[in-house]
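The letter at position 32 of the sequence shown is residue 32 when you use UniProt numbering, and the numbering goes up by one with no holes.
Don't be surprised by glycine CBs; every beta carbon is placed ideally from N, CA and C.
If you're wondering where the values come from, they're calculated on a predicted model, not measured in any experiment.
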Amino acid sequence: MKASDCKSISDVREQIDLIDREVVHLIARRFEFVKKASDFKKNTEEVKAKERFNAMLAERRLWATNGGLNADVIEKIFKDLVQYFIKEELKEFENKDSIRANL
């Protein structure tokens, strides 16, 4: 359904809820890839990947601008999300590293 097809606030809210559910599903899917990424990294600096992080934020800002969105807001959303994922990936990496050390 397009926004222009909504006939009531209930229609609008229903569509927003559907979109939000998809967004949460996509974030969960993204997280699976984040966890897998730790398999390919050799140390915590590779997990943190500062250059990749900064390049990713710049690209998301561009996507936001091209999509007519506020680039600062989109950057903050992705910055917070990816910082959380980096913390989780570090845990995953350290857990795998610990397992490898005990073999």
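Whole alpha helix (DSSP H) runs in the segment 20-68 with 4 or more residues, listed along the chain?
44-48 and 50-66
So, with DSSP's three-state summary, where would you put N70?
coil
Do you know how far the Cα of S8 is from the Cα of S38?
46 Å
Counting Cβ pairs closer than 8 Å, one from the segment 48-65 and one from the segment 5-25, do we hit at least three?
no
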